[in-house]
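In what follows, a structure is listed as structure tokens, so that the remarks can point back to it.
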């Protein structure tokens, strides 16, 4: 005779918290109305796993995705007054670049484990120790591992930001199943044209591929400034092509 296994009340409560979206949790807003208004709870859920991937295998898209994470971590570090943990098996973080996105060297503790398995163990330990925010870069993360990260993040009320690295050139990291609360694709977009020769503030293509209890969407936003803030691009300036050409000629 088969018997139905019983679950403890605490296990049932944790499963309900994962399965049923709620807006009663703490959020980490971006501070951009056009972005926050599209997110359930008007911001990233603090106690949750959020995944980010570069839109393509290009170095520019990879840098944009990295700085997108840095901006979120910078705002959380500023709000808590404590450093965040950035863990990666690679040693290619560029401190001046992170600082331009608002994440100062003093606000980052860097860990470099041997492999993805050890990296996930470091992340779980950091969450349980009360680290205010955790960023992890990994290429091999199973569905079971993302469920564990989502559970511990929810229990600790800590945002866990996971950058999914490409396992091959053409493979989409977000094509693999995951228990993440949100999943993002970030890439570069053409910057604003200036009336003189030069490059304007960088812009990113920000795509929310999935969010629990909400809809997917995509926006073009100006990249993080030195405080970690994104911005909505200003309305295009009206000017004649002749005036632009004159300004460029004078600048040259």
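Residue numbers (this note's numbering): 41 to 292.
The beta carbon of each residue, even a glycine, is placed where N, CA and C say it ideally should be.
Exercise for the section: Please look up how many angstroms separate the CB atoms of residue 113 and residue 221, rounded, as I've assumed it's under 8 Å. Expected result: Not quite, the Cβ-Cβ distance comes to about 16 Å (not below 8 Å), so this is no contact.
Problem - Alpha-carbon to alpha-carbon, residue 260 and residue 247 - result: 9 Å
Exercise for the section: Would you decide whether residue 160 is buried or exposed? Buried here means 16 or more other CB atoms lie within 10 Å of its CB. Expected result: buried
Practice task
Please name the residue, chosen from 167, 271, 244 and 72, that lies closest to residue 124 on a Cα-to-Cα basis.
Solution key: 167
Handout entry: Contained alpha helix (DSSP H) runs [length at least 4] in the segment 129–160, N- to C-terminal order
Key = 135–140
Problem - Own chain, CB closer than 6 Å to residue 301, minus 5 neighbours either side, in chain order - result: A question about residue 301 goes unanswered here, because the residues of the chain that appear run from 41 up to 292.
Practice task
Can you tell me which of the three DSSP states residue 62 falls into?
Solution key: The pLDDT assigned to residue 62 is 48, lower than 50, so where the model puts this residue is not dependable; a value taken from the coordinates is nonetheless given after this. It is coil, neither helix nor strand.
Exercise for the section: Out of 177, 68, 271 and 242, point me to the one whose CA is closest to residue 154's CA. Expected result: 177
Problem - Beta-carbon proximity of residue 140 to residue 232, cut-off 9 Å - result: no
Exercise for the section: Check the C-beta distance from residue 205 over to residue 179 and give it rounded, since I have them as a contact under 8 Å. Expected result: 4 Å
Exercise for the section: Let me know the secondary structure DSSP gives residue 29 once reduced to three states. Expected result: With the chain represented from 41 up to 292, any question about residue 29 goes unanswered, as that position is not in the structure.
Exercise for the section: Note down the Cα distance separating residue 61 from residue 274, rounded to an integer number of angstroms. Expected result: A caution first: residue 61 carries a pLDDT of 48, below 50, which makes its placement in the model too unreliable to give a value.
Exercise for the section: Would you identify the three-state DSSP class for residue 86, choosing helix, strand or coil? Expected result: coil
Handout entry: residue 170, DSSP secondary structure in three states
Key = coil
Problem - Where the alpha helix (DSSP H) through residue 108 begins and ends - result: 99–120
Handout entry: Collapsed DSSP secondary structure at residue 222 in the structure displayed
Key = strand
Exercise for the section: Report buried or exposed for residue 184, applying the criterion of at least 16 other Cβ atoms within 10 angstroms of its Cβ. Expected result: exposed
Handout entry: Endpoints, the beta strand (DSSP E) within which residue 75 is located
Key = Segment 73–76 is the alpha helix (DSSP H) holding residue 75; no beta strand (DSSP E) there.
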